[in-house]
Amino acid sequence: FDKSMTITMAEEIEQINAKLTEENRKYILIGPGRWGTRDRWIGIPVNWPQISNAKVIVETALEDFPLDASSGSHFFHNVTSMNVGYMSIQNFNENNFINYQMLHEQELIERTTFFKHVRFKQPILVKMDGKNRLAIIHLNREEQQD
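Position 40 (the sequence shown) corresponds to 300 in the working numbering; numbering is contiguous.
Printed below as a string of structure tokens:
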């Protein structure tokens, strides 16, 4: 992960967001560091319009890219007021992880320099409990059995 390229990363996400907006598709955005930060060295410095069709944002930590979860910023106000799910995964363990293998197995729609846009054949179920700081995103198993 090259921290010096986060502005370019924001531009790539903006292009993907524009395509998904045109298709009227919501999406789950997963990526390292703080999304919407003004400090390009601690995350991806997107503005709200660049990711406006995201329905869930998942911020992840990297070994040399610690995650300080967003709070109180104008960007975070947009996230909460637009009813966008927000979560951060700081320490990967058996209860706190992203199944990257499952993501790699999905249909690849587009690959940019820094990102992959994948699509699931079946619906994804998102459950979030902000009060208890719990969340899960998984395949809708009922749909899979059909």
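Where a beta carbon is used, it is the ideal one built from N, C-alpha and C, also for glycine.
Computed from a prediction, not measured in an experiment: that's the story for all the values here.
In the same chain as F335, and ignoring 5 residues on each side of it, the C-beta atoms closer than 7 Å to its own belong to G296, W308, in chain order.
In the DSSP annotation of this structure, the continuous segment of the alpha helix (DSSP H) that includes E271 starts and ends at 266-282.
Residue nearest to K315 within the set L280, R393, E323 is L280 (criterion: CA-CA distance). At a Cβ-Cβ threshold of 9 Å, M265 and F375 do not count as neighbours. Under the three-pair Cβ rule at 8 Å, the segment 384-392 does not count as touching the segment 350-357. Looking at H364, K263, Q366, M347, the one whose alpha-carbon comes closest to that of G390 is M347. Proximity to V378 across T268, E271, A270, I290 peaks at I290, based on C-alpha coordinates. When S312, Q361, E365 are compared, the shortest CA-CA separation from N343 is found for S312.
Separation of the CB atoms of I302 and A270 is rounded to 13 Å, and the pair is thereby denied contact status at 8 Å. Per DSSP, the beta-bridge partners of S348 are E319.
Between N338 and the set V306, K381, E283, the nearest pair of CA atoms involves V306. The shortest CA-to-CA distance from G293 to any of I317, E274, N277 is the one to I317. For M388, the enclosing beta strand (DSSP E) begins and ends at 384-389.
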